[in-house]
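In order, the protein sequences belong to chains Z and A. The numbering used here applies: residue 16 is where the first sequence begins, and numbers increase by one. The numbering used here applies: residue 16 is where the second sequence begins, and numbers increase by one. Where a beta carbon is used, it is the ideal one built from N, C-alpha and C, also for glycine.
2 protein chains.
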Amino acid sequence: MWLRPSRAGRDAPPLSRDRIVEEAVALLDAEGADRLTMRRLAERLGTGSTTLYWHVKTKDDVLDLALDMIFAEVEIPPEGGRGWRADITALINGWRAVLLRHPWSAALLGRPMLGPNVLARSEFLYATLLEAGITEPHLTAAAYGLSNYVIGSGLMQATWPADDEQEVRQAAREHLHANRERYPALAAHGPLVADDDRDTGFTLGLTWLLDGIQASVTNVMTEYT
Amino acid sequence: MWLRPSRAGRDAPPLSRDRIVEEAVALLDAEGADRLTMRRLAERLGTGSTTLYWHVKTKDDVLDLALDMIFAEVEIPPEGGRGWRADITALINGWRAVLLRHPWSAALLGRPMLGPNVLARSEFLYATLLEAGITEPHLTAAAYGLSNYVIGSGLMQATWPADDEQEVRQAAREHLHANRERYPALAAHGPLVADDDRDTGFTLGLTWLLDGIQASVTNVMTEYT
DNA sequence: GCAGCCTCCGGATCGATGTTCCAGTCACTA
DNA sequence: TAGTGACTGGAACATCGATCCGGAGGCTGC
């Protein structure tokens, strides 16, 4: 009774929604999506599992908040005349980097993303495209195309971790090799490429999209590099 | 005892892995991914839930098989000189149609897809690109780019169902409108577009990608439409 | 000083789920 | 007829998300 730490004691910062989400991201990074449990999360926070429900309504809320939190890592290019193409390239590359840094996030993209961090970056994307003089229907196509491209890329890379030691990769490689008569092209130029090749591949595809977007601008911008 | 239906009776075809997967797809189509339970699935099949585990090792197996099964709906363009561009366009559009017809599938794309139906279509994609004369690194970029683009598109559309009556859409629209000062571009040209606009948007982005791929071929092909 | 209220905590518990154990049933074969 | 192997399913277990409810602690108004 007497020795019980005072509530505002220094032994642990008070539980808060931010601290929960922060720890959730750490747990997701360390152990993956399927290991995230309300009980395990509470344990890491040094509280009971049911306490979390005071700060958060459901587990999905935690996931939504965690997903939005990592989007804050995507740097929004500062204003300045580097041109729309450089700005968008930076944004998309930053977005991709975050997806790769937090592989669990790719699987969560299938839920409405309406957090402030996500919206701020979408806003920047739309605003930059508008400034570049892109009009409908190319505007929607551009915004969707770029988003879909990054999302798909992140999902794909999360599915096929680049680490060549992974069992999944090994098994897939063997399976393709064993059936190389049925899938000759796949077995020869298979989709299991190294990390660097993925990066150049991503950049190439992004270039194609940007070229297409640029060509659809009526009054051509000239000041991009 | 006497009235018990004979095993080979006509009241129900014998349980088999195919029948399980078939019913799983039907259940997923009807009620979505989170309503798929081994018990519910067994109930629809008129058996006990534990019986399924004789034909299938885990629930994930059912999902993998279901995902591969719907890929059989994607028609592989028949041989014939329509040109690589028309063939790939047909394949990608068919792929997208399947993703939209089975919205639950988009969320499952984050698992290794090594079923025969998936591989056959990937093989066609690679083979067609090879025939078109595309070489590395453009080959990988093209295959990945196209796949990522469709996957992202499917995931996005599954997240934001086109049905305007959906609460999610309504809520999102209101939320954007309420914060239109912070997100002016989003609120004005928001990403919540109608179905037709998404189709034209998808086609536009696909054209950009294909243009980029085509431009990267050293010896230019001329026979495409 | 004290009653009342609000914020925050957590043990016990509920219902649902994926999966395993094991005792069966049935058709078919030696 | 005994036995084997393919299948079935009831009972049970561990785990999960979520809720109920009783409490602790601090603050305010009287």
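Serine 162 of chain Z and glycine 167 of chain A have their alpha carbons spaced roughly 7 Å apart. Close partners of asparagine 163 of chain Z in chain A (Cβ separation under 9 Å): Asn163, Tyr164, Val165, Ile166, Gly167, Ser168, Gly169, Leu170, Met171, Phe217 and Gly220.
Each residue's CA atom was taken as its position, placing leucine 56 of chain Z and lysine 72 of chain A some 30 Å apart.
At least 8 Å separates the beta-carbon of leucine 30 of chain Z from that of leucine 43 of chain Z.
The three-state secondary structure of tyrosine 198 of chain A, taken from DSSP, is coil. For isoleucine 228 of chain Z, the closest alpha carbon among the candidates Z:Glu146, Z:Ile91, Z:Ala157 and Z:Phe139 is that of Z:Ala157.
Within the stretch 200-216 of chain A, the residues whose Cβ lies closer than 8 Å to some Cβ of chain Z are Ala200, Leu201, His204, Pro206, Val208, Asp212, Arg213, Thr215 and Gly216, listed in chain order. Proximity of arginine 126 of chain A to chain Z, defined by a Cβ-Cβ separation below 8 Å, is satisfied. When C-beta distances to chain Z are compared with 7 Å, every residue of the stretch 75-93 of chain A stays at or above that value.
Around the beta-carbon of glycine 216 of chain Z, 16 or more other beta-carbon atoms lie within 10 Å, marking it buried. In the three-state DSSP reduction, aspartate 179 of chain A falls in the coil class, being neither helix nor strand. Neighbours of proline 152 of chain Z in chain A, taken as residues at a C-beta separation under 8 Å, are given in chain order as Asp212, Thr215, Gly216 and Leu219. If you ignore the 5 residues before and after methionine 53 of chain A, its C-beta comes within less than 7 Å of the C-beta of Ser64, Leu67 and Lys74, all in its own chain and listed in chain order.
Within chain A, no residue has its CB atom less than 7 Å from the CB of glycine 96 of chain Z, the nearest being about 19 Å off.
Against chain A, the beta carbon of tryptophan 223 of chain Z has neighbours under 9 Å at Ala156, Ala157, Gly160, Trp223, Leu224, Leu225, Asp226, Gly227, Ile228, Ala230 and Ser231, listed in chain order.
As the crow flies, the alpha-carbon of proline 93 of chain Z is around 28 Å from that of leucine 170 of chain Z. Put simply, of A:Glu138, A:Ala173, A:Asp212 and A:Ala121 the residue whose alpha carbon is nearest the alpha carbon of glutamate 196 of chain Z is A:Glu138. Nearest CB-CB separation between threonine 104 of chain A and chain Z: not below the 8 Å threshold. Counting C-beta pairs with one atom in each stretch, the stretch 139-152 of chain A and the stretch 182-199 of chain A have fewer than three that are closer than 8 Å, which means they do not touch.
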